[in-house]
Structures are given as structure tokens and as C-alpha cells.
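Numbered per our numbering, the sequence shown spans residues 883 to 1114. Even glycine gets a Cβ: it sits at the ideal position worked out from N, Cα and C. One structure below.
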Amino acid sequence: MEKLSLIILAIAIIVSISFAIQKHSEVLHDTLNISLVDTPKKILILPLNKGVKKHYLDSAISYLKHHFPDVEVILGQGIKIPKSCHNGRRYRADSVLNFLDKIKPDSVYRVIGITSDDISITRTLKQNGKLVTYPDRGIIGYGRKPGGVCLVSSYRISKNIYSFAKVVSHEFMHTVGVGHCNHDKCIMQDGKGSGKPLIESTHINESCLKKANLGLSGNSKKLLVLNMKLKK
Ligand SMILES: [Zn+2]
Ligand SMILES: [Zn+2]
């Protein structure tokens, strides 16, 4: 009799252990399913210092949403740029990018810092056939290719709202791996120091948009092949 109750107890323990294991694996499975759901990539627009005027901001957001409908554009609360990024004259764009890199939340795919303050980099430009280096050249936007963050300033494009929107998308597209192009009136042309080709641009060329979508989908190998083909 005692043996029988021991056997029953043993069976009961085995059943409850296997039930617990099954339950646990269900939980794991559920968690896995949740993480496999394709959530849209978040693009955080981050106003720096005073940010930019509302109509610039609205125009930049709708331009981004129109061309990249699969990403989620979110607006962050304004923050101050550290004083260490200022050289007494302008904010150094590379220092600001380093700062944005540090504060970028992991949950966010890209951060686009926007400001009405003047920003600069050290830039070498071809002038009358000669290379001239400007140690503190004011610029309208800066982004790494690829990179997690970019920066756009309305300081030098204050008369053209649409241009601000185009520069925001230009820098964002650099961050997903798109380089400069030679397409007529495409926003991905090199600003060449004056920003003129960018200001006069009217659209995003289909192949630049394709590259951006490849970058967005994480297909960097295909993007590399496409970049190489276009260079030939
Ligand atoms: Zn560029
Ligand atoms: Zn282009």
C-alpha cells in the first residue's frame, strides 16, 4: 500500500514538473512571438536649444512621412546642446553628433537633431581649381554615412521652409547609407559648400529612394552592391 502511494506521489510530481516546463516554454514562445512582430522603426526628431520654428518642423515631419511611410516619426522634448560643443562662434557639428550618439535611446532607430543655431565643420572645398580648407565653415546639415544620428540647422536656410525639410531628409538618408548623387534636382546631391544644389532640388530620385529603403530594411549588402553599380 505504501509503495502504491509513493508511486502515485512520484507520478504526481512528474506530471506537475512537465506541466510547469510546458507552461514555461509557452511563455518563452509567446515572448518570442511578440519580439518577432515587425514594429515600425522610430525616427526621433530632437529639438536642440530653441529647436526650429513650428512650420519648419511640421514641413520636415510631413516630408519624411511622405517619403518614408514605413517609419514612425516621433517628436522629442527639446534639450540643450552642451557648451563644450560650442567654439565661441558656432556649434561644432561633429561634437554635436558625438553628443547625440551618447544620448540616443536604444529603442530609437535614428535621431535627427534640429536647431536654429549656426553649426560648422572643418571643410576643404575646391575654389578656382585650388583646394582651400575652412577651419570653421558654417553648414546647413551634417550626418554620417551610415550613422545613428544627424543634425540640421535652419540658421542658413531661414527663408526657405521647404529647403529645411529637404535637408532633414538628405541627412537622414545619409544615416541609412545613401551617399551623394549626380541626379538632376535630386535632394541627395552634394551641397558643395553653398547648399545651392540642395536648395534648388525638387524631389528624391527613384534610385536614391530605393537605396534608402534598402538601408532601412537592414539590407546593407544589397545596398553596397547597388552603390558600386551606380559608381561604374
Ligand atoms: Zn550630404
Ligand atoms: Zn539622387
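- What are the start and end residues of the beta strand (DSSP E) that includes Gly1097? Taking the sequence shown and counting its residues from 1, the one referred to as residue 1097 is at position 215. That residue, Gly1097, is in no beta strand (DSSP E); its alpha helix (DSSP H) goes 1088-1098.
- Query: For Pro1017, which three-state DSSP category applies?
  - Reply: The residue you call residue 1017 lines up with position 135 of the sequence shown. Of the three classes helix, strand and coil, the one that applies to Pro1017 here is strand, per DSSP.
- Task: Could you check if Gln1071 is buried or exposed, using at least 16 other CB atoms within 10 Å of its CB as the buried criterion?
- Result: As a working mapping, residue 1071 is identified with position 189 in the sequence shown. Gln1071 comes out buried.
- Query: Which residue or residues does DSSP assign as beta-bridge partners of Tyr973?
  - Reply: Translated into positions along the sequence shown, residue 973 becomes position 91. BP columns for Tyr973 point to His968, Ile1001.
- Straight-line gap, Gly960 to Thr1057 (C-alpha atoms, nearest Å): Numbered from its first residue, the sequence shown carries residue 960 at position 78. Numbered from its first residue, the sequence shown carries residue 1057 at position 175. C-alpha separation (whole angstroms): 21 Å.
- Task: State yes or no: is the C-beta of Leu946 within less than 9 Å of the C-beta of Val1050?
- Result: Here residue 946 is taken as the residue at index 64 of the sequence shown, counted from 1. Here residue 1050 is taken as the residue at index 168 of the sequence shown, counted from 1. Yes, they are a contact pair.
- Task: Please work out which residues of its chain come closer than 6 Å, Cβ to Cβ, to Glu1115, disregarding the five sequence neighbours upstream and downstream, and give them in chain order.
- Result: The shown model of the chain, from 883 to 1114, leaves out residue 1115, and the question about it has no answer.
- Using 8 Å as the Cβ pair cut-off and three pairs as the minimum, do the stretch 961-978 and the stretch 1010-1017 touch? no
- Task: Keeping to the same chain, check which residues put their C-beta closer than 6 Å to that of Glu1088; ignore five residues upstream and five downstream.
- Result: One-based indexing of the sequence shown puts residue 1088 at position 206. Answer for Glu1088: no residue qualifies.
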